Amino acid sequence: MTHVGADRRTVTAAIADAAAAVLEFDDARRWLADVGEQPVDPFAAEVWVFDESLQRVVLVRHRWRGWVAPGGRVEGSESPRTAATRELAEETGIVAELLPLPAAVFVRSYRSDWSATLGFAYAAIVDASVALSWESHQPGAWMSLERDWDGAFPEDRARMRTFAALLIQHGTGLGR
Numbered sequence: 001m002t003h004v005g006a007d008r009r010t011v012t013a014a015i016a017d018a019a020a021a022v023l024e025f026d027d028a029r030r031w032l033a034d035v036g037e038q039p040v041d042p043f044a045a046e047v048w049v050f051d052e053s054l055q056r057v058v059l060v061r062h063r064w065r066g067w068v069a070p071g072g073r074v075e076g077s078e079s080p081r082t083a084a085t086r087e088l089a090e091e092t093g094i095v096a097e098l099l100p101l102p103a104a105v106f107v108r109s110y111r112s113d114w115s116a117t118l119g120f121a122y123a124a125i126v127d128a129s130v131a132l133s134w135e136s137h138q139p140g141a142w143m144s145l146e147r148d149w150d151g152a153f154p155e156d157r158a159r160m161r162t163f164a165a166l167l168i169q170h171g172t173g174l175g176r
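FYI, in UniProt numbering the residues of the sequence shown are 1 to 176.
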C-alpha cells in the first residue's frame, strides 16, 4: 500500500498506530485498507490530555471548530505520534509523554470542502497544576468530562469519556 503525498515512514507508522489503537471509530481501519493506492494526506493527530483524576481534559478554542483537543496535521515525514506531541506543545505548552498505545483512530473531515482523512488521538495524563501557555488566537482550558462543550466534533465528548473510563478500569498500562 502506498499513499501519494505521505512519506513511506509516515504511512507505515499510521498503519501500525491504526492497528494498535485502543478504540476505533468510523470503521477507520477498514477505511484505511479500502483507500488502497489513493492519496491519504494529510493524516491528523491530536492529544487527549487528562488530569490525574481522569475527570478533566485540556481543550483549545479553535476559531471556527470551537472547543477541540489540541492537534493538527501530520507534516513531512513525521509519524502521527510525533505530530501529536508537537501540536500539543505548540498549542498548550505541555510537554508530556504520551501513553504507549494510541487512544483512538477515526475518520473525519475537518472542513466541509475537504475530503475525509484518518485521524489519531493519543492520550497523556498530566498534573492539572502544570503551567500552561496558550496560543493567543487559540486559548485553552481544562474542561470537565461531565460538561458538554461546543465544538465541531460533538462525538469526541463520548469518545474521551469512554477512554477515561477504560483508563480508570485498566490503568495507564491499558493494552500493553
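We put the CB at the ideal spot given by N, CA and C, even for glycine.
All values derive from a computational prediction rather than experimental measurement.
Quiz item: In chain order, what residues of the same chain lie with their CB nearer than 8 Å to the CB of Ser-77, ignoring the 5 residues before and after it?
Solution: As a first step, residue 77 must be located in the sequence shown, where it is residue number 77. The residues are Asp-7, Arg-9 and Thr-10.
Quiz item: Which whole-angstrom value describes the C-beta separation of Met-143 and Trp-134, a residue pair presumed to lie in contact below a C-beta threshold of 8 Å?
Solution: Here residue 143 refers to the residue found at position 143 of the sequence shown. Here residue 134 refers to the residue found at position 134 of the sequence shown. Not really, about 14 Å apart at Cβ, beyond 8 Å.
Quiz item: What's the call for Gly-71, buried or exposed, on a 16-neighbour Cβ count within 10 Å?
Solution: For the purposes of this step, residue 71 is identified with residue 71 of the sequence shown, where counting begins at 1. Its Cβ being crowded by 16 or more others within 10 Å, Gly-71 is buried.
Quiz item: Which residue's Cα is closest to the Cα of Gln-138: Ala-28, Arg-65 and Leu-166?
Solution: As a first step, residue 138 must be located in the sequence shown, where it is residue number 138. Looking at the Cα atoms, Arg-65 is the closest of the given residues.
Quiz item: Under three-state DSSP, which class holds Leu-166?
Solution: Numbered from its first residue, the sequence shown carries residue 166 at position 166. Three-state DSSP puts Leu-166 in a helix.
Quiz item: Between the Cα of Phe-163 and the Cα atoms of Leu-23, Ala-141, Arg-86 and Ala-16, which residue gives the shortest distance?
Solution: Position 163 of the sequence shown, counted from the start, is the residue given in the question as residue 163. Residue Leu-23 holds the alpha-carbon nearest to the alpha-carbon of Phe-163 among Leu-23, Ala-141, Arg-86 and Ala-16.
Quiz item: For Gly-71, which beta-bridge partners are listed by DSSP?
Solution: If you number the sequence shown from 1, residue 71 lands on position 71. DSSP lists Glu-46 as partners of Gly-71.
Quiz prompt | Range of the contiguous alpha helix (DSSP H) that encloses Trp-31 | solution = The sequence position of residue 31 within the sequence shown is 31, counting from 1. It spans 28-35 - the alpha helix (DSSP H) in which Trp-31 sits, taken as one unbroken run.
Quiz item: Counting contacts by CB-CB distance shorter than 8 Å, is Ala-152 in contact with chain D?
Solution: In the displayed structure, chain D is absent; only one protein chain is listed.
Quiz prompt | Extent of the continuous alpha helix (DSSP H) to which Gly-11 belongs | solution = By 1-based counting over the sequence shown, the position of residue 11 is 11. The sequence as given places Val at residue 11; Gly does not occur at that position. Start and end: 8-20.
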